[in-house]
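Novice: Just so you know, the sequence shown maps onto residues 670 to 760 in this note's numbering. This is the structure I want to talk about, given as structure tokens.
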Amino acid sequence: MDRGVVDLQELRRNLELAAAMLDSVYTDETKRLLDTEDELSDLQAESVPSEVRDWLACTFTRKMGVAKRRPEEKPRFRSIVHAVQAGIFVE
């Protein structure tokens, strides 16, 4: 490439390899996230600290007269999962 000469066949193979690797990483990460959700469904309510339950209730209940959050400020499910896992780890 530095000399201005590019073998198109090699470039195509490299791009296909990169696409296959990205697809593999995406598939593995998706499976890992789904496994985490399955683990959380096995949790019993008693194992979640009351502080976490209170935070979840405050975060996801609607209050009249309170300004809505902008969509970019809404907590993500992943951050909630991490908060619950941290609470379990602390116990």
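Idealized CB from N, CA, C, for every residue including glycine.
From which residue to which residue does the alpha helix (DSSP H) around residue 723 run?
Specialist: Unbroken alpha helix (DSSP H) run through residue 723: 719-729.
Novice: From residue 672 to residue 680, what does the alpha carbon distance come to, in whole angstroms?
Specialist: Looking at the two C-alpha atoms, the distance is approximately 15 Å.
Novice: Taking C-beta to C-beta, are residue 725 and residue 749 nearer than 8 Å?
Specialist: Yes, these two residues count as a Cβ contact at 8 Å.
Novice: Which class does residue 674 belong to by DSSP, given the choice of helix, strand or coil?
Specialist: If DSSP states are grouped into helix, strand and coil, residue 674 belongs with coil.
Novice: Is it buried or exposed for residue 753, if we count other Cβ within 10 angstroms and need 16 for buried?
Specialist: That one is buried.
Novice: DSSP state of residue 745, grouped into three classes?
Specialist: Three-state result, residue 745: coil.
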